[in-house]
Ligand SMILES: Cc1cc2nc3c(=O)[nH]c(=O)nc-3n(C[C@H](O)[C@H](O)[C@H](O)COP(=O)(O)O)c2cc1C
C-alpha cells in the first residue's frame, strides 16, 4: 500500500514535470516568435527609415542648381559642449545646430531660395578660443597660407549659381576661402558673395574673387554686421529679391 502510494505520487510528479517542461518550451517558442516578430518589425522600420534617408539624400544633392558655400568659425573649431552664443559673438544656433554668423546667413539664403548648403571646413580645426583664432587668422594671412580642406563638393556641375559666404578676417577672406577658390574652377557660373564682419564689410575680397575666378560672373554682394546677422532675414530677402532669386 505504501509502495503503491509512492508509485502513484512519483507518476503524478512525472506527469506534472512533463507538463511543466511542455509549458516552458511553449513559452520559449512563444517568446522566439515574439522576438522574431519584433525583429521583423524592427527590420521593416529600419528599411523604411533607410528609404526615407535615401530620399532625403537624393533631394539634398539634386534638388537645386544653386549652392550656398560658406565658411564660418563655429563649424571650424572643436568647441566644448555647452558653448553657445553667450560665450562668443561668433557662435549661433540655427535649427538646434551650432553655426556662426555667416552660417546663420547661409541658412537664411538656403531657406529662402531652396539652394543646397555646403560648409567649407578645414582639416586642422581652429582654436576653441576666439582670441587665439584671431591671432591664428593673422598668422595665416601673413604667411599667405592655404589651409587644407576637409570638405569637398562632389557635384559641382549640378550648380550654376554659388552663393559664397565668409567672415572678414583681417580685411580679407579667411585663407581657407583661398584654398576653396584654388580648388574649384567656377568658370561659367554665377558667384553671389556675402560677408559678415565687425564693420569692415568685404574690404578687397570682391576683386580678389573676380581675379581668382575670372571666368565667373560675380554679382552684387551683401555685407552684414556680425551683431545683426541673426536678424538679417529681411535684408537677405530684399537682396535676393533685387537679384531675382525670390519668386
Ligand atoms: C581672425 C579674425 C579676424 C577678424 N578680422 C576682422 C576685420 O578685419 N574686420 C572686421 O570687421 N571684423 C573682423 N573679424 C570679425 C568677424 O568678421 C565677424 O565677427 C564675423 O561675423 C564672424 O563670422 P563667423 O561667425 O561666421 O565666423 C575678425 C574675426 C576673426 C576671427
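Numbering (our numbering), first residue to last: 4 to 250.
Think of the CB as a built atom: it goes at the ideal place given N, C-alpha and C, for glycine as much as any other residue.
Cβ shell of residue 161 (< 6 Å), same chain only, five flanking positions each side left out:
none
Straight-line gap, residue 149 to residue 184 (C-alpha atoms, nearest Å)
10 Å
Going by other Cβ atoms of all chains shown within 10 Å of its Cβ, with 16 needed for buried, is residue 83 buried or exposed?
Exposed is the call here.
Any non-hydrogen atom of ligand 1 within 6 Å of residue 199 CB:
yes
Simplified DSSP assignment, three categories, for residue 142
helix
If we count the other Cβ atoms within 10 Å of its Cβ and call it buried at 16 or more, is residue 223 buried or exposed?
exposed
Indicate whether residue 168 and residue 206 have their beta-carbon atoms separated by less than 7 Å.
No. Outside cutoff.
Evaluate the contact criterion for the region 65 to 81 versus the region 127 to 147: three or more CB pairs, one atom per stretch, below 8 Å.
Segment contact: the region 65 to 81 against the region 127 to 147, three or more CB-CB distances shorter than 8 Å; contact assigned.
Mind checking whether residue 124 and residue 233 have CB atoms under 7 Å apart?
no
Through-space distance from residue 66 to residue 51, alpha-carbon basis
Because residue 51 carries a pLDDT of 35, less than 50, the predicted location of this residue cannot be relied on, and no value is offered for it.
Same chain only: Cβ atoms within 6 Å of residue 170, ignoring 5 sequence neighbours per side:
Within its own chain, the residues whose Cβ lies closer than 6 Å to the Cβ of residue 170, once the five positions on either side in sequence are excluded, are 105 and 199, listed in chain order.
Helix, strand or coil: how does DSSP classify residue 181 here?
In this structure, DSSP gives residue 181 a helical state, which the three-state scheme calls helix.
In the DSSP assignment, what residue or residues form a beta bridge with residue 122?
73
Close Cβ partners of residue 231 (< 7 Å) along its chain, the five nearest in sequence each way excluded:
none
Buried or exposed for residue 116, please, with buried defined as at least 16 other CB atoms from any protein chain shown within 10 angstroms of its CB.
buried
Taking the alpha carbon of residue 188 as the reference point, which residue from 211, 158, 238 and 216 has its own alpha carbon closest?
Considering only alpha carbons, the answer is 216.
Does the Cβ of residue 100 have 16 or more other Cβ atoms within 10 Å, making it buried, or fewer, making it exposed?
exposed
Taking just the CA atoms, how far does residue 245 sit from residue 236?
14 Å
Cβ of residue 165 within 7 Å of Cβ of residue 227?
no
Sorted by chain position, which residues of the same chain lie with C-beta nearer than 8 Å to residue 121's C-beta, five sequence neighbours on each side aside?
70, 71, 72, 73, 154 and 156.
Close Cβ partners of residue 178 (< 7 Å) along its chain, the five nearest in sequence each way excluded:
143, 144, 148, 149 and 150
Taking the alpha carbon of residue 191 as the point to measure from, which residue in 159, 182 and 197 has its own alpha carbon closest?
159
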